[in-house]
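Numbering (the numbering used here), first residue to last: 108 to 315.
Printed below as a string of structure tokens:
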């Protein structure tokens, strides 16, 4: 069943701090919150994941860990997000044999989006929509039209990602893209709650 929720937030080196951003996400009713700490030590990642799990537990905000299944399992996250070159969803489901967990997958083409259904992903990230500075090794930008085409081609829940900011978000919404992921727009903001609310207001006024 396709899920429509609007904003999906990834936290990576937020200037306001991980805990403050996570609390802002919960307070603003963000549906998905993903922790992505690519260059951190495992000790730092574990400690942050456990703190974010405490903040999100019992709320409507689902806590997702990027890539690291062991961390996701230990902190009892709501799910894990995997890339094309990471552990497969089948392997993750076999190891994390707990009902109700969420498995997301990054996709960058129509073909990968189609394959994701066979891989039993619960949702897919589609992008990058625009060039992005937060992920230097990202695939080439798809653009709004191709992103919308991929998002509407699959029965899976889709989340557009990559270079999405307050000044281009309305273009995505008007193209029929309901769910969108942001990184820099919130992580670079000294007031994460205000940044989140601004994005939510744009999404709502543009037709979400």
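Even for Gly, the Cβ is constructed at its ideal location relative to N, Cα and C.
Limits of the unbroken alpha helix (DSSP H) element including residue 294: 291 to 294
Please tell me whether residue 224 and residue 262 are closer than 8 Å, where the distance is taken between their beta carbons. yes
Under 8 Å, with one C-beta from each stretch per pair, do the stretch 209 to 218 and the stretch 227 to 240 reach the 3-pair mark? yes
In or out: residue 122 buried (at least 16 other Cβ within 10 Å) or exposed? exposed
Taking 8 Å as the cut-off, does the stretch 302 to 312 touch the stretch 144 to 154 (at least 3 CB pairs, one atom from each stretch)? no
Euclidean distance between Cα positions of residue 126 and residue 174: 20 Å
Mind checking whether residue 115 and residue 287 have CB atoms under 8 Å apart? yes
In the DSSP output, which residue or residues are listed as bridge partners for residue 139? 115, 169
What first and last residue would you give for the alpha helix (DSSP H) that runs through residue 155? 149 to 163
Classify residue 254 as buried or exposed, calling it buried when 16 or more other Cβ atoms lie within 10 Å of its own Cβ. buried
Inter-residue CB distance, residue 292 and residue 273 (contact presumed, cutoff 8 Å): 6 Å
Here's the rule: buried if 16 or more other CB atoms are within 10 angstroms of the residue's CB, otherwise exposed. What is residue 160? buried
Consult DSSP for residue 194 and reduce its assignment to one of helix, strand or coil. coil
Please state the DSSP three-state secondary structure of residue 312. helix
Neighbour-count burial assignment, residue 265, 16 or more Cβ in a 10 Å radius: buried
Going by CA-CA distance only, name the one from 113, 131, 112 that's closest to residue 297. 131
Whole angstroms is fine: what's the gap from residue 219's alpha carbon to residue 182's? 30 Å
Compare the C-alpha of residue 302 against each of 278, 252, 134, 259 and name the closest. 134
By how many angstroms is the C-alpha of residue 276 removed from the C-alpha of residue 192? 28 Å
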